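Asks:
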Amino acid sequence: LSVTKRVLVTGGAGFIGSAVVRHLIAESDYEVLTLDKLTYAGTLTSLGPVSEDPRHAFLQADICDAEAVAGAFARFDPDIVLHLAAESHVDRSIDGPAVFVETNVVGTFRMLAEATRHWQGLAPGRKERFRFHHISTDEVFGSLGPDGFFVEETPYDPRSPYSASKAGSDHLVRAWHHTYGLPTLVTNCSNNYGPYHFPEKLIPLMIVKALAGEPLPVYGRGENVRDWLFVEDHARALRRVFEAGTPGETYNIGGNSERRNIEVVQEVCRLLDTMRPRPDGRSYAEQIAFVADRPGHDQRYAIDASKIRRELGWFPLETFESGLEKTVRWYLENEAWWRAIQTGQYRGERLGLRSGE
Ligand code: NAD
Numbered sequence: 016l017s018v019t020k021r022v023l024v025t026g027g028a029g030f031i032g033s034a035v036v037r038h039l040i041a042e043s044d045y046e047v048l049t050l051d052k053l054t055y056a057g058t059l060t061s062l063g064p065v066s067e068d069p070r071h072a073f074l075q076a077d078i079c080d081a082e083a084v085a086g087a088f089a090r091f092d093p094d095i096v097l098h099l100a101a102e103s104h105v106d107r108s109i110d111g112p113a114v115f116v117e118t119n120v121v122g123t124f125r126m127l128a129e130a131t132r133h134w135q136g137l138a139p140g141r142k143e144r145f146r147f148h149h150i151s152t153d154e155v156f157g158s159l160g161p162d163g164f165f166v167e168e169t170p171y172d173p174r175s176p177y178s179a180s181k182a183g184s185d186h187l188v189r190a191w192h193h194t195y196g197l198p199t200l201v202t203n204c205s206n207n208y209g210p211y212h213f214p215e216k217l218i219p220l221m222i223v224k225a226l227a228g229e230p231l232p233v234y235g236r237g238e239n240v241r242d243w244l245f246v247e248d249h250a251r252a253l254r255r256v257f258e259a260g261t262p263g264e265t266y267n268i269g270g271n272s273e274r275r276n277i278e279v280v281q282e283v284c285r286l287l288d289t290m291r292p293r294p295d296g297r298s299y300a301e302q303i304a305f306v307a308d309r310p311g312h313d314q315r316y317a318i319d320a321s322k323i324r325r326e327l328g329w330f331p332l333e334t335f336e337s338g339l340e341k342t343v344r345w346y347l348e349n350e351a352w353w354r355a356i357q358t359g360q361y362r363g364e365r366l367g368l369r370s371g372e
C-alpha cells in the first residue's frame with residue numbers, strides 16, 4: 016500500500032497558503048507543489064524558507080486555465096489538494112467584483128473538474144485516500160448581532176461580492192461531493208493574522224502606517240467585531256482536517272478571540288510603543304483616524320469551533336495577545352519583506368525555486 020505523499024497547494028504563495036506550505040515542509044514528509052498565478056497578493060518571497068527544499072516545487076499557473084491545471088495534476092499526481100487560491104480582499108471586491116467571480120467561482124469549478132478526472136483515474140487504495148480540501152471563510156455566514164456564533168449548519172447569507180463568491184465556491188464543492196462522490200472537505204475560518212500578511216489587511220496595514228508616521232485609518236468608530244486566529248494555528252488545523260476529517264464534512268475553524276477593530280489597533284499601537292517607541296516618545300495611538308465606513312460592513316463575525324476540537328482534537332496554541340506580539344515583532348524584524356511588496360520589487364523574483372516541471 017502506498018503512503019499518502021503529495022500535496023498540491025493552490026494559492027501557496029499567498030498569506031495562508033505559504034504558511035501551510037512552510038508548515039508541511041518543516042513538520043512533515045509530504046512533497047508539495049505550490050500552484051499560484053502570482054497576482055498582486057502572491058509573492059515567492061513568502062516561500063523563501065522552503066525555496067531550497069527538494070520536497071517543494073513551484074508552478075506559476077492560473078486555476079482558471081484548464082490546460083495548466085490538468086497538466087499539474089498529470090505531472091505531480093497529487094494525493095491531496097488544498098485549494099486556497101482566491102481573490103481575498105473585501106474592499107477590492109467592492110471596487111472590482113468581476114475577478115472575484117472569475118477566480119473564486121469559475122476557478123474553483125476548474126479545480127473540481129480536473130480533481131475529479133484525476134481522482135477517478137487513481138488506483139484502488141490511493142483513490143479512497145484522495146482528498147479535495149477547499150479553504151473558505153466565515154464571511155459566507157453573513158453578519159451576527161451582539162450574541163451567538165456561526166456553527167457549521169448556520170445558513171449562508173453572504174453580503175459582499177467577496178463572501179458571495181466564496182459562498183458560491185463552497186456550494187460547488189459540496190455539489191461535487193454529492194453528485195460525483197469526490198472526497199471533499201470544506202473549512203470555514205475566521206480572520207487570520209500573522210507573519211507574511213499582505214500589508215493591505217488591517218493588522219499589517221496599521222503596523223506599516225504607524226512606523227511611517229501616517230494616520231491609522233479605522234472604519235466607522237472601529238466597533239466591528241472579528242474573531243482572530245494566528246495563521247500558523249490555521250495551518251495546523253488544515254493539516255489535521257485533511258489527515259483526519261470525514262469526506263463530505265465541513266469544519267469551522269476559529270481562534271475564540273473576538274475583538275473590536277479599535278481594540279486590535281490600540282493593541283498594535285501598545286506593542287509598537289514598547290518595541291519601537293516613537294522618536295517623540297508619544298503613543299502611536301495618537302495616529303488613529305476614523306474614516307467613513309465600508310459599504311455593507313458586516314457588524315460581527317464569531318466562530319464556534321467546537322466540532323473540530325471535539326472530533327479532531329484541534330485547538331489554537333496562540334492567544335490573541337501572544338500571536339499579535341509575534342506578529343508585530345516579525346514585521347519589525349522583516350522590514351525588507353514588506354518594503355519590497357510596497358515598492359513592487361518582489362515581482363519577477365524567483366529566489367532559486369525549482370520550477371514545477
Ligand atoms: P491571499 O490573497 O494572501 O492569497 C491568495 C493567493 O492566491 C495569492 O498567492 C494569489 O497569487 C493566488 N491566486 C489568486 N488568483 C489566482 C488564480 N486565478 N490562480 C492561481 N492563483 C491565484 O489570500 P489568503 O488570505 O492567504 O487566503 C487564502 C484562502 O483562505 C482564500 O481562499 C480565502 O478566501 C481563505 N480565507 C482567508 C482568511 C483570511 O483571514 N485571510 C480567512 C478565512 C479564509
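Take 16 as the starting number for the sequence shown in the UniProt record's numbering and just add one per residue.
Cβ atoms here follow ideal geometry from the backbone N, Cα and C, with glycine treated the same way.
None of these values were measured; they are calculated from a predicted model.
1) Rounded to whole angstroms, what's the CA-CA distance from aspartate 242 to glycine 296? Just pull it up for me.
2) Taking a contact to mean a Cβ-Cβ separation below 7 angstroms, would you say arginine 309 touches tyrosine 234 in this structure?
3) Run through DSSP, which three-state label would valine 24 get?
4) How about threonine 54: is its Cβ closer than 6 angstroms to a heavy atom in the ligand NAD?
5) Kindly list the residues whose CB is nearer than 7 angstroms to the CB of phenylalanine 257, restricted to its own chain and excluding five residues on each side of it in sequence; keep chain order.
6) Are the beta-carbon atoms of serine 184 and valine 155 separated by less than 7 angstroms?
7) Residues in the same chain with beta-carbon distance under 6 angstroms from residue 374, minus the five sequence neighbours each way, listed in chain order, please.
8) Any idea which residues DSSP pairs arginine 275 with across the strands?
9) Can you tell me which of Lys52, Ser61, Ala56 and Gly263 puts its alpha carbon nearest to the alpha carbon of valine 35?
10) So, do the region 165-176 and the region 125-133 have three or more beta carbon pairs nearer to each other than 8 angstroms?
11) Is threonine 118 near the ligand NAD, judged by its Cβ being under 6 angstroms from some heavy atom?
12) Using alpha carbons as the reference points, say which of Asp106, Tyr316 and Leu347 lies closest to asparagine 276.
13) Let me check understanding here. Comparing Cα to Cα, which of Tyr299, Ser205, Ile356 and Thr118 lies closest to leucine 226?
14) Where DSSP assigns a beta bridge to aspartate 51, which residues make up the other side?
15) Note the first and the last residue of the continuous beta strand (DSSP E) segment covering alanine 304.
16) Taking 6 angstroms as the line, does the beta carbon of aspartate 77 fall inside it for any heavy atom of the ligand NAD?
17) If we ignore side chains and look at the alpha-carbon of each, how far apart do glutamate 326 and serine 151 end up?
18) Our contact map puts threonine 202 next to isoleucine 268 with C-beta atoms below 8 angstroms; I'd like the distance itself, whole angstroms only.
19) DSSP three-state call for glutamate 364: helix, strand or coil?
Replies: Here's the rundown:
1) By one-based count along the sequence shown, residue 242 stands at place 227. By one-based count along the sequence shown, residue 296 stands at place 281. Their backbone Cα atoms lie some 32 angstroms apart in a straight line.
2) For this step, residue 309 is matched to residue 294 along the sequence shown. For this step, residue 234 is matched to residue 219 along the sequence shown. Taking 7 angstroms as the Cβ cut-off, arginine 309 and tyrosine 234 qualify as a contacting pair.
3) Residue numbering aside, residue 24 sits at position 9 when the sequence shown is read from its first letter. Strand at valine 24.
4) As a position in the sequence shown, residue 54 is number 39, starting the count at 1. Threonine 54 Cβ: within cutoff of the ligand NAD.
5) Position 242 of the sequence shown, counted from the start, is the residue given in the question as residue 257. Ile95, Leu97, Arg146, His148 and Leu200, listed in sequence order.
6) Numbered from its first residue, the sequence shown carries residue 184 at position 169. Numbered from its first residue, the sequence shown carries residue 155 at position 140. No, the pair does not count as a contact, with Cβ atoms beyond the cut-off.
7) No statement about residue 374 is possible, as the shown extent of the chain runs from 16 to 372 and does not include it.
8) Walking along the sequence shown from the start, residue 275 turns up at place 260. In the DSSP output, where bridge partners are listed per residue, arginine 275 has Val240.
9) In the sequence shown, the residue the question calls residue 35 occupies position 20. For valine 35, the nearest C-alpha among the options comes from Ser61.
10) Judged by Cβ distances under 8 angstroms, the region 165-176 makes no contact with the region 125-133, as fewer than three pairs qualify.
11) As a working note, residue 118 is residue 103 in the sequence shown. Threonine 118: yes, Cβ under 6 angstroms from the ligand NAD.
12) Taking the sequence shown and counting its residues from 1, the one referred to as residue 276 is at position 261. Of the listed residues, the one whose Cα sits closest to asparagine 276 is Tyr316.
13) Taking the first residue of the sequence shown as 1, we reach residue 226 at position 211. Per the Cα distances, Tyr299.
14) What you label residue 51 is simply residue 36 of the sequence shown in a count that begins at 1. In DSSP, aspartate 51 forms a bridge with Gln75.
15) Taking the sequence shown and counting its residues from 1, the one referred to as residue 304 is at position 289. Looking at the DSSP string, the run of the beta strand (DSSP E) that includes alanine 304 is 303-306.
16) Within the sequence shown, residue 77 is the residue found at index 62, counting from 1. Yes, Cβ of aspartate 77 sits closer than 6 angstroms to a heavy atom of the ligand NAD.
17) Here residue 326 refers to the residue found at position 311 when the sequence shown is read from its first residue. Here residue 151 refers to the residue found at position 136 when the sequence shown is read from its first residue. Roughly 19 angstroms separates the two Cα atoms.
18) Here residue 202 refers to the residue found at position 187 of the sequence shown. Here residue 268 refers to the residue found at position 253 of the sequence shown. That pair is a contact at about 5 angstroms.
19) Here residue 364 corresponds to residue number 349 of the sequence shown, with the count starting at 1. Unreliable placement is indicated for glutamate 364, whose pLDDT of 42 sits below 50; the coordinate value is still reported in the next sentence. Glutamate 364: coil per DSSP, three-state reduction.
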